[in-house]
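Asker: Numbering-wise, UniProt numbering puts 10 at position 10 of the sequence shown, and it's gapless, one number per residue. Glycine residues also receive a C-beta, built at the ideal position from the N, C-alpha and C atoms. Quick one: this structure, given as structure tokens, is what I'll be asking you about.
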Amino acid sequence: MIDEKFSVMILDSIDRQLLTYLQQDCKQTNKELSNKLHLSVTAVYERIKKLEKEGIIDKYVALVKKEKVDKAFVAFCHIKLIQHAQDYVVKFEREVATLSEVMECYHISGDYDYLLKVMVTDMESFREFMVNKLTNIDHIGSTHSMFVINEVKHTTAINI
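Next comes the structure, spelled out in structure tokens:
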């Protein structure tokens with residue numbers, strides 16, 4: 001069912017449970033999911049297709065352990081632009097989106113304009129990233145970086 005006021009699909013308890021199972025392991029077969037949900041395989045398939053069509057399920061990905069691919073150095077960078085002019089914002093966002101070291105970028109409120117999550121090999125790689133890539137983007141007024149000491153919690157699952 002879709003609530004037209006907000007254009008948001010209203011999820012029933014089975015949809016919610018299905019999404020929880022898929023976020024835990026999206027490689028489960030429809031047969032495995034049907035057994036857990038006490039539905040037919042066809043009903044599970046149709047629900048998944050509906051969730052995909054409505055954009056609730058955006059895509060399926062493999063989660064890679066950063067330590068196994070030598071990208072365990074994580075930093076968060078606050079970025080302040082020199083001005084909030086629309087062309088500065090658009091240019092910054094376009095350019096930062098091309099940087100492979102930037103895993104996430106958020107336009108935020110508060111003292112800084114953006115928060116970036118950066119993953120690289122080590123401190124030297126981070127320095128190279130800052131000097132050769134990030135600070136070469138025009139209109140950056142200041143940066144402030146923090147480094148992860150220990151990852152206490154990391155999840156990609158949304159509590160539904």
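Assuming contact is defined by CB atoms lying nearer than 8 Å, are Val44 and Asn30 in contact in what I supplied?
Answerer: Residue numbering aside, residue 44 sits at position 44 when the sequence shown is read from its first letter. Residue numbering aside, residue 30 sits at position 30 when the sequence shown is read from its first letter. Yes, these two residues count as a Cβ contact at 8 Å.
Asker: Go ahead and pull the three-state DSSP assignment for Val89.
Answerer: Position 89 of the sequence shown, counting from 1, holds the residue named residue 89. Looking at Val89 - three-state DSSP - the assignment turns out to be helix.
Asker: Compare the Cα-Cα distances from Ile79 to each of Glu46, His144, His154, Tyr88 and report the closest residue.
Answerer: Residue mapping note: residue 79 aligns to position 79 of the sequence shown, counting from 1. It is His144.
Asker: Checking 8 Å against the spacing of the C-beta atoms, do Leu19 and Leu51 come in under that value?
Answerer: Counting from one through the sequence shown, the residue named residue 19 turns up at place 19. Counting from one through the sequence shown, the residue named residue 51 turns up at place 51. In contact: Leu19 and Leu51 (Cβ atoms closer than 8 Å).
Asker: Relative to the C-alpha of Glu67, which residue among Ile158, Glu151, Ala157, Ile160 is closest?
Answerer: The residue you call residue 67 lines up with position 67 of the sequence shown. Residue Glu151 is the option with its Cα nearest to Glu67.
Asker: Can you check which of these residues, Asp138, Ala157, Ala72, Val89, is closest to Met123 by C-alpha distance?
Answerer: Position 123 of the sequence shown holds residue 123. Nearest C-alpha to Met123: Ala72.
Asker: Run through the region 102-158 for me and flag every whole alpha helix (DSSP H) of 4 or more residues, listed as ranges in chain order.
Answerer: 123-132
Asker: Does the beta-carbon of Tyr106 have 16 or more other beta-carbons within 10 angstroms, so that it is buried, or is it exposed?
Answerer: Locating residue 106 in the sequence shown gives position 106, where the first residue counts as 1. So Tyr106 ends up on the exposed side.
Asker: For a cutoff of 8 Å on Cβ pairs, would you count Thr121 as touching chain C?
Answerer: Looking for chain C here will not work: only one protein chain is present.
Asker: Taking Leu51 as part of the alpha helix (DSSP H), name the residues at either end of that continuous run.
Answerer: Within the sequence shown, numbered from 1, the residue matching residue 51 stands at position 51. Start and end: 41-53.
Asker: Looking only at its chain, what residues have a beta carbon closer than 7 Å to the beta carbon of Leu37, apart from the 5 residues adjacent to it on each side?
Answerer: As a first step, residue 37 must be located in the sequence shown, where it is residue number 37. Ile14, Gln17, Leu18, Val44, listed in sequence order.
Asker: Measure the Cβ-Cβ separation of Met119 and Val74 and say whether it is below 8 Å.
Answerer: On the sequence shown, residue 119 is found 119 positions in, with the first residue counted as 1. On the sequence shown, residue 74 is found 74 positions in, with the first residue counted as 1. A contact, by the Cβ cut-off of 8 Å.
Asker: Is the Cβ-Cβ distance between Glu104 and Leu116 less than 8 Å?
Answerer: Position 104 of the sequence shown holds residue 104. Position 116 of the sequence shown holds residue 116. Cβ distance < 8 Å, so Glu104 and Leu116 count as in contact.
Asker: Does Arg47 pass the burial test, meaning 16 or more other C-beta atoms within 10 Å, or should it be called exposed?
Answerer: To locate residue 47, count along the sequence shown from 1; it is residue 47. Answer is buried; the Cβ neighbour count reaches 16.
Asker: Taking the continuous alpha helix (DSSP H) assigned at Gln22, which residues delimit it?
Answerer: In the sequence shown, the residue the question calls residue 22 occupies position 22. Rather than Gln, the amino acid found at residue 22 in this sequence is Leu. 13-24 is the extent of the alpha helix (DSSP H) around Leu22.
Asker: Could you check how far apart the C-beta atoms of Ala157 and Gln24 are, in whole angstroms? I think they sit under 8 Å.
Answerer: Within the sequence shown, residue 157 is the residue found at index 157, counting from 1. Within the sequence shown, residue 24 is the residue found at index 24, counting from 1. The C-beta distance from Ala157 to Gln24 rounds to 7 Å, short enough to meet the 8 Å contact threshold.
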